[in-house]
Amino acid sequence: MSVSQRLVRFFVRWEAVLVVLLVGVFVLNASLSPFFLRRINLLNATFNFMERAIMALPMMLIIIVGEIDISVAGTIAISSTMMGLAARAGAGIPVMIAVALGTGLLAGMLNAFIVLKFRVPSIAVTIGTMSLFRGISYAILGNQAITGYPIELASLGQGYIGNTLIPVPLVIFAVLAAIFGVTLHKSSLGRSFYAIGNNAVAARFSGLPVDRYKAVLFSLNGLVAGFAAVLLTSRILSTRPNIATAWELEVVTLVVLGGVAITGGKGTIFGVLLSVFTIGYLRFGLSLINVPSQVVGIITGLLLVGAIVLPGLFEKLSDRMIIDRQLLPPADPDTDTAGS
Amino acid sequence: MRRNQSPIAAILARREITLLVIIVVLVAAVGIRAPRFLQPARQLSILNDTIILLMLTLGQLAVILTAGIDLSVASNLAFTGMAVAMWNMVMPGVPMVVLVGASILIGASLGAFNGVMVSVGKVPPIIMTLGTMSVYRGMVFLISGGAWVSAHQMSESFRGFARFNILGLPSLVWIGVITTALVYVFLRFTRSGRELYAVGDNATAAGFVGVSARKAQFKAFVLSGAIAGLTGLLWVSRFASAQNDTAIGFELETVAAAVIGGVSIMGGSGTVTGVVLGAVFLGIVKNALTVVGVSPFWQMAIQGAVILVAIVANTVVDRRNQARLSARRISA
Amino acid sequence: GAEAPAEDGTLRIGLLVKSLGNSFFEAARDGAMEAAAELGDVEVIYQGPSTPTAEGQIEIIDSLIAQGVDGIAISANDENALVPAAQRAQRAGIEVISFDSAVAAGGRSVHLAPSDDELIGRSQVQAIAEMIDFEGQIAILSASSTATNQNAWIEWMRVALEEPEYANMELVDVVYGDDLSDQSYREAVGLFNRFPDLRGIISPTTVGVAATARAIQDEGLVGQVELTGLGLPSEMRQYVLDGVSQNVALWNPIDLGYAAIYITYHLLRGNVEAEVGAVIPAGRIGDIRVGEGLVAVLGEPFVFDASNIAEFADIY
Amino acid sequence: MADIVQLENVRKYFPGVKALDGVSMTIRSGEVHALIGENGAGKSTLVKILTGIHDPTSGTILVDGEPASFRTPHDSQAAGITAIHQEASMFPNLTITENIFMGHHLRNRFGLLDWKTMEARTRELCERLSLAISPDTLVRDLSVAQRHQIEIIKALSIDARVIIMDEPTASLSLKEIQELYELVRTLREQGTAIVFISHKFEEIFEVADTYTVLRDGKYVGNGSVSDVTTDDLVRKMAGAALDRLFPERTPSIGEVALSVQGLTQAGVFEDVSFELRNGEILGFFGLIGAGRSELMQSIFGVRSRDAGSVTVAGERLDPLNPRKSMAQGLAFVPEDRQEQGVILDMSIIENTTLSSLRAVSRFGFPQKHTERSVTEGLAKRFSLRAARLEQRVAALSGGNQQKVVLSKWLATQPRILILDEPTRGIDVATKAAVHSFVGELADQGYAIILVSSELHEVLGMSDRILVMREGRLVAGFDSEDASAERVLATAIGAAAVEQGA
Ligand SMILES: Nc1ncnc2c1ncn2[C@@H]1O[C@H](COP(=O)(O)OP(=O)(O)OP(=O)(O)O)[C@@H](O)[C@H]1O
Ligand SMILES: Nc1ncnc2c1ncn2[C@@H]1O[C@H](COP(=O)(O)OP(=O)(O)OP(=O)(O)O)[C@@H](O)[C@H]1O
Ligand SMILES: [Mg+2]
Ligand SMILES: [Mg+2]
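Residue numbers (our numbering), protein chains in the order written: chain A, 168 to 507; chain B, 33 to 364; chain C, 214 to 529; chain D, 1152 to 1652.
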């Protein structure tokens, strides 16, 4: 393979494009703002997108098995609300966390139940439960806010590891990402998820417990949403029913920009990690030079589209190169197939 | 098989009927609580309130039929609405016909951008329109500089455009009816319309008979965009105010209306009748909650629950019909 | 506390609003720019999230901290949720005040209220009472149920309605239009349906009051259902002139932004201390007194009616 | 007999694959031209080039002696060429009428679609094939055989001069196949050229006049069918002769391995009871739609049942629990390989180990080298034709995909194998390999259920034959007293046989 071919081949991989984007974001931001590359700023900036980043992990699995969960933000709202009620009732922090996790889990299980029991497309079901979950928060809280969380709670969502400058949520995200990554890419479970996403019928006929895995993933998504609710609540130390508004599409955006096919069966943890930090730091960098938020929206939107178009272009290019090569008189038929 | 089914069973097997029954029950239930709700004037006002959702959902239908989705409709609406409102503000003399044409054109161009990137650039529709959802929304801010266009900055004819009366019905309703009829004819009686179904149902098979998936996707997005543009004008005229967050969050509502109306999110199946019922259903739910006097804090939860029930009921009934059909195969 | 100003002596102050693309805040920005021009050594950074969320505002506060601004004036989407971020800013030596919509006491020094909550609540009730001759059913159409300033005003309206002169008026419902045109419109129509004898609506929110006016007009209820509220003159001009609403009130958002910058500036320069009783000079507006709870009140809401609204409509 | 289409030195390269490498062929009117070759030889690719779906990389196509270029299916339709494709090419959610007219809808003078005329045409065409279905029936509500007939009607609807049939009989049963032969002959008499692709030689000798053989994308030879024997063709296709299609065995039948009692799913199969013994090949024959596949799916546990039980070694298998079935040594090769068999976007290795992940894993993590060696062994055993084992299964030809499915199930080291149409769509050499392999397995004591719609296969392979009709077991035969006539008669139903006789 020639150098140019190898280069083209490299860029066919989605992740390669994302790496370039991330580097580009860093270079651009560093040249535009002197504050960007400060370590403390880079670390602190993560506080603002870690809940969504954490949500992107189980969402990635759900999308890989060919489903989707639009109700995550609603789940965060209801989990935070329940957690707040627990706090009001005088519960300690462990109980509060347990309540949030439990609520999220229940919400996820409800999604799983409706999707799997009635065989309704998950996008339809979760559009409904999105309103239902958030609606329950409104019904409970009305125009009230829950405040007065114990200040110790803050050490979770806005705290640092020991005396370092490393944010707690970032570390939690790193640990979760490692677990999710290993599971997805190395374990037989992950292999099964890909199989299910590619062809659920064939997966079932191959003896994989498709429905059980999907139920687990929906529940897991709810559970993690409950956890995201804990982090967010601890970060803002209050709860209102409009908490995490419109996050559902942001989480989905993180996942699909990471190269996870919305039709299922394709995507890597590496891509999602890159997408999380690309978007996160792009937004942070642009806000450092005070670009209006709407313009930030335009830029991230174009980035999303561009990141998809580019690998496709490279792929076309590389296919053409390979076919061109074949059209030359075949020197050695063996290398011909092996080289592909 | 159809042929040995009784006519009544054939009617009941239609998915739309389930929804119609649900709607009738809903209206009756609300009517018992609040008899005023049943007055023709009220029903007309609900219809009026539902038209824009209905029109957008028709565009959404076209895209979903090709196994796509258009999440940029609401942003498109906001942008086009702002653009024509600003034009009207700057040049109040420009006749409405021109603005109508412009709104359709602007909307169609935004749709065409989606369409080109999806069909030629091979960007999955959901990603493309997630992107343009924020791009178009940001563009509203760019052209308006963050300011609104208010009633007094609009010409009399602009403000009155969505509500002047023709034969006892507001123009908004007429436009909705005409759009619905046109989309119906397009989907039922033109090759391009049928090709949307073909492409969404089985893209490979469509390729085998020379139906281009790319062209179909492009057309669907242009149609969706054109309708979104027109509704932009209607929205701004109806509320006599063009704002930056006009119709924010409306995109998921159109998807919900389509899904409730029995449109298969996988593509290839869905009808205009279903969409009309789906949009009307959502419109009734929203209006009924304000009329019945449910605590405002409960509205969202109830709306979510009702949507869930409708979707589940619709799917389950459909499945039961399917099962009946296949059981009959063996015995036939 | 005042931190050493930037090297060239220019103070950088962030004006953080609820969301960008809102006419009210665009006017406040104009006022802020005016103040900056007068003061000379101030640079205003106008920012806000694209949708009115607390999370979006927190993100911006963090970026303002990272770029080392000197002061931040916030109109908060959520008084509590912003507190931790605002405290982070304070710890970084940034002067944080709130204006228009408060940050809870722990997260700011001074709050610049456009007007006194009680005054707003009472004057709105008085306005609608005069329109309906102190008799009949009224309703309130608010923004979102989570908006704290709205809720404070509504509480005062309820209190005011206890007064004997309003004995013949009945508050039948409070509904929420979420500051969305279509939702507000629908809620207004819902009120007409549910309460055929409804006489008046108070809508203390700019989007809501305009949408309600439109709904009254569309339903042919002009004269039958009266309307007042807090509305931008530009948005409401048409309806006031058409007689849909006899008058609406609002403070001057330009002055609000203007004063917010002056207050932040003087606190930063150490010219005044943030304490009850402090008097802060605010350019053409004159002195502003910091009252109980470190709340400074800009003034009384200004009432726009057919005689004067056209004049203000061109300004904001 | 005029030459209609001539292909000269046509090549088609995909990235990494030379699907066609210099193929020439002449299609003449009034002639049935068989196109044969092993799996992956390039037959379907040729069809796609002729129908404007793929552009040839190089080479020329002449229509009536004039160079033609088929950029889209419309072009080739305009030239009078149409095809019944190997892959499912129907629109399940659309009506029969629509399926027939998609791509060339009729329009009235206003430019709008003329549904009346189209339905009338459809009705006409259906009657021509004596298909009694309303034109507005949705295709998803049709049986497989009916769908196939619609495909044929579709081809007829555009008065084609050349009709290409890519394995048209693969999912038809005998009755429909006979009807198809009739139709092919009628068309030939009317001067239509037919290109007929099949892996079943008896079909080729039954209907074809001439043949063209492809091997590895290359043209190998052509000639008149009357001049050759099956052996000749096989030698041309594979480059070597084939010993025999069915293995020679001396079965030694052992204990009961699987027992099915009163298994019922209302309206699908009713009250089915039988026993399967170790070392036995139990053939299941029936017409398409007899319910065999559904029965097998239910036994394996991927389809629910209303009543009855399945027992293996004294252990009852639960409904809808394929894991338990697998734990008891069951393996199930389903009939629809694209839908139920393979994961198209995953590699050969990943497909092969999918059902035995636990066996190739340590602590839940699949081990690369174990997976590879398992897959390599199986690929060799089935002479899988693939560039690399990491290749996506989607890039394999149909027959090779089937081999991957077989490999997957053998990797689970089963004791009881249920094979549903295991040789559908695979070439004769591989078919023989599968047969001998199935025979070997039986000899090693495996218990095997072989469901097939190919009577010869059932007769040639089975130790015992059960016949299903309309969801019920109607007869059982031992291999000695099973004859083609008797088995077929029970499958069709006595009345039909008398009529036919
Ligand atoms: N779209 C494609 N991309 C890449 N390779 C392909 C594609 N289509 C076919 N091939 C390859 O081209 C070769 C010929 O395939 P083709 O489908 O024409 O075989 P076939 O003769 O029809 O086989 P079968 O009898 O199994 O149907 C195979 O090696 C196949 O893997
Ligand atoms: N008459 C029918 N009408 C509709 N669908 C059918 C019919 N028969 C079978 N099917 C479906 O088509 C698929 C293919 O099955 P196939 O045509 O091989 O027949 P079958 O009923 O499975 O029985 P058999 O294997 O005995 O032919 C099956 O999964 C089944 O669901
Ligand atoms: Mg083939
Ligand atoms: Mg079968």
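For each residue, glycine too, the CB sits at the ideal point set by N, CA and C. Given the structure is predicted, the values throughout are model-derived calculations rather than measurements.
Fewer than three beta-carbon pairs drawn from the stretch 256 to 271 of chain B and the stretch 1282 to 1292 of chain D are found closer than 8 Å, and the two stretches are therefore not classed as touching. Chain-ordered, the chain A residues with CB closer than 8 Å to the CB of D/Gln1491 read Val368, Ala369, Phe372.
The C-alpha of A/Val232 is placed about 5 Å away from the C-alpha of A/Ile363. Of the residues B/Glu285, B/Gly200, B/Gly177, B/Met114, the one whose Cα lies closest to the Cα of C/Asp243 is B/Gly177.
Annotation: the continuous alpha helix (DSSP H) that includes A/Ala306 extends over 289 to 308. In this structure B/Asn319 is buried. Its beta-carbon is surrounded by 16 or more other beta-carbon atoms within 10 angstroms. Under the Cβ criterion of 7 Å, A/Ala362 is counted among the residues facing chain D. Counting along the chain, D/Gln1297 sits inside the alpha helix (DSSP H) bounded by residues 1295 to 1308. With contact defined as three or more Cβ pairs closer than 8 Å, the stretch 323 to 334 of chain A and the stretch 212 to 223 of chain A are in contact. Those residues that have a beta carbon less than 5 Å away from any non-hydrogen atom of ligand 1 are, in order along the chain, D/Phe1165, D/Val1168, D/Ala1170, D/Asn1190, D/Gly1191, D/Ala1192, D/Gly1193, D/Lys1194, D/Ser1195, D/Thr1196, D/Ala1546, D/Ser1548, D/Gly1549, D/Gly1550.
Judged by beta-carbon spacing, D/Val1358 lies within the 7 Å limit of D/Val1183, meaning their Cβ atoms are closer than that value.
Annotated as proximal: D/Gly1576 and D/Glu1318, with beta-carbon spacing under 7 Å. With a threshold of 16 other beta carbon atoms within 10 Å, A/Phe444 meets it and is buried. When secondary structure is reduced to three states using DSSP, A/Ser354 falls in the coil class, being assigned neither helix nor strand. For chain A, the residues of the stretch 236 to 260 of chain C that bring a beta carbon within less than 9 Å of one of its beta carbons are Ile258, Tyr259, Gln260, in chain order. Within the stretch 276 to 306 of chain A, contact with chain B at the beta-carbon level (separation under 8 Å) is assigned to Ile281, Phe285, Arg286, Val287, Pro288, Ile290, Ala291, Val292, Ile294, Gly295, Thr296, Met297, Ser298, Leu299, Phe300, Arg301, Gly302, Ile303, Tyr305, Ala306. In the three-state reduction of the DSSP assignment, B/Ile297 falls in the coil class.
B/Ile101 is the residue among B/Ile101, B/Leu51, B/Ile49 whose C-alpha sits nearest the C-alpha of B/Ile297. Between B/Ile292 and B/Ala342, the C-beta spacing is below 7 Å. Looking only at A/Ala395, A/Tyr316, A/Val190, A/Ser354, the smallest Cα-Cα distance to A/Gly257 is reached by A/Tyr316. Listed by position along chain B, the residues whose Cβ is nearer than 8 Å to that of A/Ile429 are Pro156, Ile158, Ile159. Shown here, A/Tyr316 sits in coil according to DSSP, grouped into three states, outside any helix or strand. The beta carbon of A/Ser359 is closer than 8 Å to those of Ala370, Leu375, Tyr380 in its chain, skipping five residues each way along the sequence. Rounded to the nearest whole angstrom, the C-alpha separation of D/Arg1523 and D/Phe1516 is 14 Å. Taking A/Ile410 as the centre and dropping the five residues before and after it, the same chain places the C-beta of Ile243, Ala244, Ser247, Leu399 closer than 7 Å to its C-beta, in chain order.
The beta-carbon of B/Gly336 is placed less than 7 Å from the nearest beta-carbon of chain A. By the Cβ neighbour-count rule, B/Met123 is exposed, with fewer than 16 other Cβ atoms within 10 Å of its own. Note on geometry: alpha-carbon atoms of C/Ala305 and A/Leu209 lie some 16 Å from one another. DSSP lists D/Thr1211 as the bridge partner or partners of D/Glu1159. In the displayed model, D/Phe1514 falls within coil according to three-state DSSP, outside both helix and strand. Approximately 16 Å separates the beta-carbon atoms of B/Leu90 and B/Gly299; this is outside 8 Å, ruling out the contact. Assigned with DSSP and collapsed to three states, D/Gly1188 falls in strand. A/Thr445 is outside the set of residues whose beta carbon lies under 7 Å from a beta carbon in chain B. Listed along chain A, no residue sits closer than 9 Å to D/Leu1547 by beta-carbon distance, the nearest being about 13 Å off. By the rule that beta-carbons nearer than 7 Å mark a contact, C/Glu488 does not touch chain B. Within 8 Å of the CB of A/Val462, the CB atoms of chain B belong to Gly170, Phe173, Leu174, in sequence order along the chain.
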